[in-house]
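Contents: one structure, followed by commentary.
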Amino acid sequence: MESDQFLQQHQTEPVITPMKWVLYFIVTSLPVIGTVLLLVWAFSNDGRPTRQNWAKGMLLFYVLTIIILGLFFVIFGAAIFAAAASNGSNY
Numbered sequence: 027m028e029s030d031q032f033l034q035q036h037q038t039e040p041v042i043t044p045m046k047w048v049l050y051f052i053v054t055s056l057p058v059i060g061t062v063l064l065l066v067w068a069f070s071n072d073g074r075p076t077r078q079n080w081a082k083g084m085l086l087f088y089v090l091t092i093i094i095l096g097l098f099f100v101i102f103g104a105a106i107f108a109a110a111a112s113n114g115s116n117y
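For the sequence shown, position 46 (counting from the first letter as 1) is numbered 72 according to our numbering, and the numbering increases by one without interruption.
Below, the structure is given as structure tokens:
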């Protein structure tokens, strides 16, 4: 019974065409507008669960990228600072 409802719900889901996917990628590549649109698409109930899941995945990817880059800069920044400080003390 529940599987019938699941199938019925997902069969009526509107299909996103390839051109719309290209448009979504272009729009989300814009610095501020893209992030705002991803937030709107991820947390609104507009009847497009495919786009909603994609937007949530992109936001998760952005957050993970920022965390990894932050760790990278902290680790290598500290290493460069330590190397510069040790070389400066020899003079």
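Glycine included, every Cβ here is placed at the ideal spot set by N, Cα and C.
{"Check": "C-beta atoms of Leu63 and Thr54 nearer than 8 Å", "Outcome": "yes"}
{"Check": "Ser112 - DSSP class collapsed to helix/strand/coil", "Outcome": "helix"}
{"Check": "Extent of the continuous alpha helix (DSSP H) to which Thr61 belongs", "Outcome": "Pro57 to Phe69"}
{"Check": "Residue span of the alpha helix (DSSP H) that contains Val53, given as start and end", "Outcome": "Pro44 to Thr54"}
{"Check": "Segment contact, 8 Å Cβ cut-off, at least three pairs: the stretch 72-92 with the stretch 104-115", "Outcome": "no"}
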